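Only one structure is covered here, and it is reproduced in the block below.
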Amino acid sequence: MLNSGISVLFEGTNFLRLLEGLFETLRVALIAVVISIVMGIIIGIIRTSKNKLVQIPFRIYLELFRIIPILVWLFVIYYIVPANFGLELSSELVALIVFSLWGAAEISDIVRGAIISLPKHQVESSKALGLGVVQMYRYVLIPQATKRSIPPMINLITRMIKTTALLTMIGFVEVIKVGQQIINVNNLEHPTVSFWIYGFIFFLYFCICFPLSRFSRKLEQKWAT
Amino acid sequence: MTIDWQYFVEVLPHYKTALWLTVKLAAIGILFAIVVGMICSVIQYFKVKVLNQIVQVYLEVARNTPLLIQLFFLYYGLPKIGITLSGELCGIIGLTFLGGSYMAEVFRAGMEAVSKSQIETGKAIGLSNLQLMRYVIIPQAFSYSVPGFGANCIFLIKETSVFSGIAILELTNTTKNLMGIYYKTNEALLMLVIGYLIILLPLTLFLTWLERRVRHAEFGN
Amino acid sequence: MAEQVPILQVKGLVKKYGDKVVLNGVDLQVEKGKVIAILGPSGCGKSTFLRCLNGLEEVQGGDILLENKSLISKTTKWRDVRQKIGMVFQSYDLFPNLTVMENILLSPLKVQKRQREEVEAQAKELLARVGLADRANDYPRQLSGGQKQRIAIVRALCINPDIMLFDEVTASLDPEMVREVLDVIAQLADQGMTMLIVTHEMNFAKLVADEVIFMDKGSIHEKAPAQQFFSNPQTERAQQFLNILQF
Chain A
1 MLNSGISVLF EGTNFLRLLE GLFETLRVAL IAVVISIVMG IIIGIIRTSK NKLVQIPFRI
61 YLELFRIIPI LVWLFVIYYI VPANFGLELS SELVALIVFS LWGAAEISDI VRGAIISLPK
121 HQVESSKALG LGVVQMYRYV LIPQATKRSI PPMINLITRM IKTTALLTMI GFVEVIKVGQ
181 QIINVNNLEH PTVSFWIYGF IFFLYFCICF PLSRFSRKLE QKWAT
Chain B
1 MTIDWQYFVE VLPHYKTALW LTVKLAAIGI LFAIVVGMIC SVIQYFKVKV LNQIVQVYLE
61 VARNTPLLIQ LFFLYYGLPK IGITLSGELC GIIGLTFLGG SYMAEVFRAG MEAVSKSQIE
121 TGKAIGLSNL QLMRYVIIPQ AFSYSVPGFG ANCIFLIKET SVFSGIAILE LTNTTKNLMG
181 IYYKTNEALL MLVIGYLIIL LPLTLFLTWL ERRVRHAEFG N
Chain C
1 MAEQVPILQV KGLVKKYGDK VVLNGVDLQV EKGKVIAILG PSGCGKSTFL RCLNGLEEVQ
61 GGDILLENKS LISKTTKWRD VRQKIGMVFQ SYDLFPNLTV MENILLSPLK VQKRQREEVE
121 AQAKELLARV GLADRANDYP RQLSGGQKQR IAIVRALCIN PDIMLFDEVT ASLDPEMVRE
181 VLDVIAQLAD QGMTMLIVTH EMNFAKLVAD EVIFMDKGSI HEKAPAQQFF SNPQTERAQQ
241 FLNILQF
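Chains as they are written, first to last, in UniProt numbering: chain A, 1 to 225; chain B, 1 to 221; chain C, 1 to 247.
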């Protein structure tokens with residue numbers, strides 16, 4: 001009984017199709033991560049401004065993504081835009097929009113935190129040593145801020161990859177959707193197939209996320225001061 | 001963009017039920033997650049043999065897989081090998097499984113933040129390990145843990161939206177169903193967002209306040 | 001007059017961290033009521049030595065005898081020993097979650113299971129003696145470093161130990177607060193408390209200690225009455241050490 005389910009995994013092109021689904025997932029995540037990092041760094045630097053008119057709108061933007069679940073954001077963009085503006089958005093585009101906005105918000109907070117938490121005496125000693133502003137950023141502030149922000153950024157990327165699982169709920173064909181298709185085809189013949197397919201996808205996600213979170217922890221320990 | 005206000009009144013009861021269910025499931029899940037997290041963090045803190053390794057594996061698995069897949073596995077996968085659980089039970093188990101690992105992390109970090117010299121001083125005045133825990137480590141670890149604990153609660157409440165994948169009629173799933181019936185997309189999604197704000201906005205504000213208060217009470221400015 | 005048995009005896013104490021030898025066969029006898037100052041350059045093992053006497057470090061060889069009973073044994077209940085040997089640290093470490101009074105009462109009530117009224121009366125008396133009677137209900141964060149250290153001393157005294165160990169208790173204090181803490185310790189010396197004091201305050205050691213031991217590289221290089229040690233050190237290492245300190 002149990003074995004019949006697992007055999008489905010290796011039947012025909014099933015295994016390859018699942019990996020292709022995973023690849024789709026990762027492709028979307030990767031594009032979103034790149035956009036997030038670029039936007040996040042820019043917004044993060046802007047957010048170090050002490051001007052309230054700058055701080056408040058960005059703060060609201062960040063909090064909106066922290067308070068409202070990502071799944072809800074996916075539904076909102078996926079259903080609201082076509083219904084009101086007559087624009088058809090592909091589920092992939094919706095995913096990219098939501099993930100990029102979310103990632104940018106979180107990364108901006110990481111970058112901002114790293115910059116403002118640099119001790120003031122670092123700036124003062126740089127100045128005392130006669131470094132110019134550019135030199136101070138180049139040799140002192142940016143290297144330190146980078147070390148502080150990279151581990152949390154990797155953690156965020158892990159979270160974004162995990163969250164791609166939700167894309168199946170707006171009809172994006174990724175690894176879970178492929179899994180469901182395989183289950184639907186084989187369910188009658190091999191009743192235990194869903195146990196194996198979902199178990200396998202579970203394992204796939206773990207294989208991607210575990211090394212990443214390990215890596216971030218290693219960096220954190222290495223760079224801890 | 002048009003909004004049919006009459007619709008709100010019509011579907012309000014559905015949302016009330018869904019909101020209540022969301023809160024209930026989240027609360028139960030968080031409660032169990034706290035228990036699991038405490039047990040795991042104590043095992044890690046004292047590096048209990050064997051159990052420590054088991055906890056380590058659990059934490060990695062729980063933290064590095066998506067809740068949706070955990071739920072699919074519980075809800076659709078397990079019945080095929082003879083274990084059938086109701087949707088709500090799967091939701092609670094999933095949330096506990098995920099949340100326990102996050103809580104463990106926060107509690108352990110809180111305990112480790114208590115300085116070595118505080119513990120030595122406790123020993124030097126003759127406290128037993130249990131007394132050390134009760135009077136020195138836990139009270140201090142608690143205040144270190146508050147910010148992370150609050151963030152975890154909010155995170156776990158938001159994660160209940162994923163329950164919609166296994167047919168639990170919480171806020172998100174209810175909204176999807178109502179959209180399918182009435183085609184009032186704007187109204188339904190607005191209600192959904194308001195629903196989460198009703199739960200999370202006061203909680204966020206409360207936690208910010210608590211964080212500030214606890215830190216002040218324990219360590220001054 | 002019969003020879004009194006020393007209250008504390010240390011014989012050939014060895015402490016290693018891995019391959020690194022921190023204490024290399026330390027011998028010491030402490031008679032009741034004596035004040036011993038332990039001096040030496042940083043890293044000489046003097047703090048480690050005190051920590052061994054309180055069971056905070058495992059030792060790799062030698063013996064420690066308290067009232068002629070060995071403490072180096074699997075069955076030693078360090079919790080009981082610590083009620084006889086009090087210890088105060090450089091970082092004072094009052095528990096920030098408890099008030100001054102709660103800090104002091106914790107061990108007498110929970111470990112020694114004594115009566116609250118009796119301990120409270122003792123605590124109040126001790127607080128008055130160190131000049132902090134009015135701070136009983138404050139939290140540690142409301143006190144200065146010197147005040148915290150005086151409370152830490154009271155907390156250790158309230159357990160009624162026979163011996164007190166002081167590990168560089170003034171090292172992290174601002175200069176103007178050092179005096180108030182040393183005064184408390186000098187008072188204790190006058191009352192006949194047996195004490196081992198690791199310190200960098202040479203004038204204080206000269207004044208309060210009956211005996212000075214000078215440590216370097218994990219062993220005792222010189223042991224002498226305080227006056228003699230400071231006026232006429234015998235070993236070259238001790239001479240160098242004292243010279244460096246005289247600016």
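Using N, Cα and C, we set each Cβ at its ideal position, and we do this for glycine too. These figures come from a predicted structure and were not determined experimentally.
Limits of the beta strand (DSSP E) - the one that residue i falls within
| i | result |
| --- | --- |
| L74 of chain B | Taken as a continuous stretch (DSSP letters only), L74 of chain B belongs to no beta strand (DSSP E), as it is neither H nor E. |
| I220 of chain C | 219-225 |
| E20 of chain A | E20 of chain A -> not in any beta strand (DSSP E); alpha helix (DSSP H) instead, spanning 14-47. |
| L196 of chain C | 194-198 |
| I213 of chain C | 211-216 |
Beta-carbon proximity check, residue i vs residue j, cutoff 8 Å
| i | j | result |
| --- | --- | --- |
| R150 of chain C | V184 of chain C | yes |
| residue 227 of chain A | G21 of chain A | Only positions 1 to 225 of chain A appear in the structure, and residue 227 of chain A is not among them; the question remains open. |
| L156 of chain A | G113 of chain A | no |
| V35 of chain C | M195 of chain C | yes |
| A6 of chain C | D216 of chain C | Looking at the sequence itself, residue 6 of chain C is Pro, so the reference to Ala does not match. Cβ atoms of P6 of chain C and D216 of chain C: not closer than 8 Å. |
| N186 of chain A | V193 of chain A | yes |
| S149 of chain A | I110 of chain A | yes |
| I154 of chain B | L89 of chain B | no |
| A95 of chain A | L118 of chain A | no |
| D63 of chain C | S70 of chain C | yes |
| A121 of chain C | L127 of chain C | no |
| A151 of chain B | F107 of chain B | no |
Residue-chain proximity (residue i, chain A), Cβ-Cβ < 8 Å
| i | result |
| --- | --- |
| T17 of chain B | no |
| I81 of chain B | yes |
| N52 of chain B | no |
| N129 of chain B | no |
| L192 of chain B | yes |
| V114 of chain B | no |
Start-to-end residues for the alpha helix (DSSP H) that takes in residue i
| i | result |
| --- | --- |
| E58 of chain C | No alpha helix (DSSP H) holds E58 of chain C; DSSP gives it neither H nor E. |
| G146 of chain C | 145-157 |
| M136 of chain A | Unbroken run through M136 of chain A: none, as it is neither H nor E. |
| D134 of chain C | No alpha helix (DSSP H) holds D134 of chain C; DSSP gives it neither H nor E. |
| residue 222 of chain B | Look at the range of chain B in this structure, 1 to 221, and you will see that residue 222 of chain B is not part of it. |
| I37 of chain B | At residue 37 of chain B the sequence reads Gly, which differs from the Ile that was named. Taken as a continuous stretch (DSSP letters only), the alpha helix (DSSP H) holding G37 of chain B covers 5-45. |
Any C-beta of chain B under 8 Å from that of residue i
| i | result |
| --- | --- |
| V111 of chain C | yes |
| S144 of chain C | no |
| I159 of chain C | yes |
| F195 of chain A | yes |
| R82 of chain C | yes |
| R155 of chain C | yes |
| L129 of chain A | no |
| V107 of chain C | Checking the displayed sequence, the identity of residue 107 of chain C turns out to be Ser instead of Val. It does: the Cβ of S107 of chain C has a partner Cβ on chain B nearer than 8 Å. |
| L127 of chain C | no |
| L141 of chain A | no |
| Y61 of chain A | no |
| R79 of chain C | yes |
| L173 of chain C | no |
| N54 of chain C | yes |
| residue 229 of chain A | Beyond the ends of chain A as shown, which are 1 and 225, falls residue 229 of chain A; an answer cannot be given. |
Any C-beta of chain C under 8 Å from that of residue i
| i | result |
| --- | --- |
| I125 of chain B | yes |
| S117 of chain B | yes |
| E120 of chain B | yes |
| V146 of chain B | no |
| Y45 of chain B | no |
| P13 of chain B | no |
| G220 of chain B | Any reading at G220 of chain B needs caution, since the residue's pLDDT is 47, under 50, leaving its predicted position unreliable; the model's value is listed next. Closer than 8 Å: yes. |
| Q140 of chain B | yes |
Any non-hydrogen atom of the ligand MN closer than 7 Å to residue i Cβ
| i | result |
| --- | --- |
| Q228 of chain C | No copy of the ligand MN appears in this structure; indeed no ligand is present at all. |
Item to check | Near-chain A residues of the region 57-71 of chain B (beta-carbon distance less than 9 Å), N- to C-terminal order | outcome: E60, V61, R63, N64, T65, P66, L67, L68, I69, Q70
Item to check | Contact residues within the region 85-104 of chain C, judged by C-beta distance below 7 Å to chain B | outcome: M87, F89, S91, D93, F95, P96, N97
Item to check | Contiguous alpha helix (DSSP H) assignments of at least 4 residues, all confined to the region 66-100 of chain A | outcome: 70-75, 81-85
Item to check | Interfacial residues, the region 202-216 of chain B to chain C, with Cβ spacing under 8 Å | outcome: none
Next on the checklist: Going residue by residue through the region 1-45 of chain C, where are the continuous beta strand (DSSP E) segments of at least 3 residues, counting only ones entirely within it?
Outcome noted: 8-17, 20-30, 35-39
Checklist entry - Which runs of the alpha helix (DSSP H) fall wholly inside the region 146-202 of chain B and span at least 4 residues, in chain order? => result 171-182
Checklist entry - Got a sec: which bits of the region 145-168 of chain A sit with their beta carbon under 9 Å from any beta carbon on chain B, in order along the chain? => result T158, I161, K162, T163, T164, A165, L166, T168
Next on the checklist: For the region 184-215 of chain A, list every residue whose C-beta sits within 7 Å of some C-beta in chain B, in sequence order.
Outcome noted: P191, T192, S194, F195, Y198, G199, I201, F202, Y205, F206, C209, F210, S213
Item to check | the region 81-97 of chain A: positions lying closer than 8 Å to chain B by Cβ | outcome: A83, N84
Item to check | Residue ranges of each alpha helix (DSSP H) within the region 61-109 of chain C, 4 or longer | outcome: 78-84, 100-106
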